[in-house]
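Asker: Residues 2 to 447, numbered by my numbering, are exactly what the sequence shown covers, in order. Glycine included, C-beta positions come from ideal geometry on N, C-alpha and C.
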Amino acid sequence: MADRRTYNVVILGVGFLFIFTAFTTCGNVEQTVVKSLKNSTFSGSGYHSLGIIYGVFSFSNLLAPTVVTVIGAKLTMFLSGLLYSGYIAVFIMPSTWSFYLTSVLIGVGAALLWTAQGSFLVENSEASTINRNTGMFWALLQCSMLFGNLYIYLDWNGKSEISESSRRNIFLFLLVASILGTLSFLVLRTSHHEEEMLSEEEGQSLLSTRTMYKNRANTALQDTKTEFQTILQLLKTKTIILLSPCMVYSGLELSFYSGVYGTCIGATAHFGEAAKGLIGISGIVVGIGEIVGGGLFGLLCKNSRFRRTSVVFLGMVVHFIASYLIFLNIPEDAPVVFESTTQKNPFLSPSASIALLCSFLLGLGDSCFNTQLYSILGYVYAEQSMPAFAIFKFIQSVSAAVAFFYSGYLLLTWQLLLLVLLGFIGTLCFFVVERMQDYSMDSQDY
2 MADRRTYNVV ILGVGFLFIF TAFTTCGNVE QTVVKSLKNS TFSGSGYHSL
52 GIIYGVFSFS NLLAPTVVTV IGAKLTMFLS GLLYSGYIAV FIMPSTWSFY
102 LTSVLIGVGA ALLWTAQGSF LVENSEASTI NRNTGMFWAL LQCSMLFGNL
152 YIYLDWNGKS EISESSRRNI FLFLLVASIL GTLSFLVLRT SHHEEEMLSE
202 EEGQSLLSTR TMYKNRANTA LQDTKTEFQT ILQLLKTKTI ILLSPCMVYS
252 GLELSFYSGV YGTCIGATAH FGEAAKGLIG ISGIVVGIGE IVGGGLFGLL
302 CKNSRFRRTS VVFLGMVVHF IASYLIFLNI PEDAPVVFES TTQKNPFLSP
352 SASIALLCSF LLGLGDSCFN TQLYSILGYV YAEQSMPAFA IFKFIQSVSA
402 AVAFFYSGYL LLTWQLLLLV LLGFIGTLCF FVVERMQDYS MDSQDY
């Protein structure tokens, strides 16, 4: 039983590794790719596409649990993987209508995929193995930022323009990776919990298959309604209200490091023919920052003397340093320029080393905020963790969607200023919540 569960967790992680090697690489380069298209009939925007994805994802989360309950986690992940693969395939022969249609579909698919992933991981874990299994899964997932971006660097380094053949080769490679990840879900083994459900349903021989699925759907809808009511109650609590600015900030900086910053580097004229290749290296370095931060803070926070507030404060400082260096190093028109390169000059002569240092700091700071938001939500809402995490993902996704929509219009200076202000406010609010928990614990001691 233990071997089967470990096998399932590893295959689950490998599947996500392949799928998100394709998707995270695509998100990192798609605005650059869209700008390079020599197609007068294509009028899509990579920023708008990503905004649609995160917007649809945030609202689709409300119905995703029902679908997973009815058809099962394994089939849900397989179907979601097909939607991811369809989005990647669009870039091989791009057209505006298919680009935006698949953006909507992948938003739905993302909600289904992540809901099924959480359900499947819990089904294949026990209290004694949940931390190990979660660590194994996230370690494999974070590696997805390395391989696809390495391919981008090797293929684009030294090229000032992205040719049609180069674009097709890259997205064929990403499509194969996504399909491999999708197919890997088919070799997942049935969990003990699923076997019990199937045997119980098979024993009810008088029930037709249609009635069986109808009963599942009714149960799932009732559970969804109950959870939605819990979410509405939690939204009124002081803790969630105070943590909201921090959640909003996590969404804004998610959009910045995953889609905007790579585009800025690729559009910087001062980097010359190295600019396009640096997009890939930047994605890799962001991934390294995420991996280092996740591992480091996971270990440090096991020590009760190393507080959550210390990690969040570090994340704020790291992001402030990154924002200041980006402000000095990258032209302010980099995210909005419609030509292949920037027209304005930054305060410093752009340095590839500083640009990559900022990539690492963005990844490191992101892991600071995300790990501690999950930590404090899990601590405060130990008995209502799923609705609390759902609120977090909803606020984060809506914020990321809004950020992607304004990223193509706001100059870099204003985007960085907004990040700094929200980062500061979010950190202060996080400190207040932590202080509230300390006060509550002190009161219980008396």
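Cα separation between Y382 and G82?
Answerer: Cα to Cα, Y382 sits roughly 31 angstroms from G82.
Asker: Got a sec, what are the start and stop residues for the alpha helix (DSSP H) S86 sits in?
Answerer: S86 -> alpha helix (DSSP H) spans A74 to V91.
Asker: Could you tell me the distance, in whole angstroms, from the CA atom of L420 to the CA atom of L253?
Answerer: Distance between the alpha carbons of L420 and L253: 7 angstroms.
Asker: Between S179, I53, R169 and L326, which has its C-alpha nearest L349's C-alpha?
Answerer: Closest by alpha carbon: L326.
Asker: Where does M387 sit, in a helix, a strand or coil, going by DSSP?
Answerer: Here M387 sits in helix by DSSP.
Asker: Contact between the region 184–191 and the region 310–322 is defined here as three or more beta-carbon pairs at a separation below 8 angstroms; is this criterion met?
Answerer: As far as the Cβ criterion goes, the region 184–191 does not touch the region 310–322, which means the pair count is below three.
Asker: So does the region 55–72 actually touch the region 222–237, counting three or more Cβ pairs closer than 8 angstroms?
Answerer: The answer is yes - the region 222–237 touches the region 55–72, with three or more Cβ pairs under 8 angstroms.
Asker: Relative to the alpha-carbon of R168, which residue among F425, S46 and I89 has its alpha-carbon at the smallest distance?
Answerer: For R168, the nearest C-alpha among the options comes from I89.
Asker: So what's M94 in DSSP terms, helix, strand or just coil?
Answerer: Looking at M94 - three-state DSSP - the assignment turns out to be coil, as it is neither helix nor strand.
Asker: With distance defined between alpha-carbon atoms, name the residue in Y152, L423, V318 and P95 nearest to F43.
Answerer: Taking only the C-alpha atoms, the option nearest F43 is P95.
Asker: Using a 10 Å radius around the Cβ and a threshold of 16 neighbouring Cβ atoms, would you call K237 buried or exposed?
Answerer: Exposed.
Asker: Applying the 10 Å Cβ sphere with the 16-neighbour rule, what's the burial state of G295?
Answerer: G295 should be labelled buried.
Asker: Excluding the 5 residues preceding and the 5 following L106 in the sequence, name in chain order all residues of the same chain whose CB lies nearer than 8 angstroms to its CB.
Answerer: L84, G87 and Y88.
Asker: Starting from the Cα of G364, find the closest Cα among G14, M78, I282 and I72 and give me that residue.
Answerer: When only C-alpha atoms are compared, the closest one is I282.
Asker: Just checking my contact of P336 with P347 at CB under 8 angstroms: how many whole Å lie between their CB atoms?
Answerer: Contact flag wrong, Cβ pair sits at about 13 angstroms.
Asker: Where T103 and T264 are concerned, what is the direct C-alpha to C-alpha distance, given to the nearest angstrom?
Answerer: The straight-line gap from Cα to Cα measures roughly 21 angstroms.
Asker: Would you kindly work out how many angstroms separate the C-alpha atoms of Y55 and S398, rounded to a whole number?
Answerer: Rounded to whole angstroms, Y55 to S398 spans 5 angstroms at the Cα level.
Asker: Are the CB atoms of A23 and S179 within a distance shorter than 7 angstroms?
Answerer: For S179 and A23, yes; Cβs fall inside 7 angstroms.
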